[in-house]
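Visitor: Pasting a structure here, questions to come.
In my numbering, the protein residues as written are 1348 to 1411.
Written out as structure tokens, the structure is:
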């Protein structure tokens, strides 16, 4: 681990690769979180629309 730290400090190319890797990992994690949030919202909306559809049908049946 110590040799990697030293290489990071003295080798500009290695430092650039490591920095780009870290940025890519952070972006990937952020995108994953956004996807999970979007999926959760999508499921909530689908459930709500299904419940409302059922209520509409019951209301129509009840009032015919």
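All C-beta atoms in this analysis are idealised placements derived from N, C-alpha and C, irrespective of residue type, glycine included.
So, with DSSP's three-state summary, where would you put residue 1348?
Guide: Taking the chain shown and counting its residues from 1, the one referred to as residue 1348 is at position 1. Coil at residue 1348, not helix or strand.
Visitor: Do you know offhand how far residue 1368's Cα is from residue 1406's?
Guide: Translated into positions along the chain shown, residue 1368 becomes position 21. Translated into positions along the chain shown, residue 1406 becomes position 59. Cα to Cα, residue 1368 sits roughly 57 Å from residue 1406.
Visitor: Helix, strand or coil for residue 1359 per DSSP?
Guide: Here residue 1359 corresponds to residue number 12 of the chain shown, with the count starting at 1. DSSP places residue 1359 in helix when its eight states are reduced to three.
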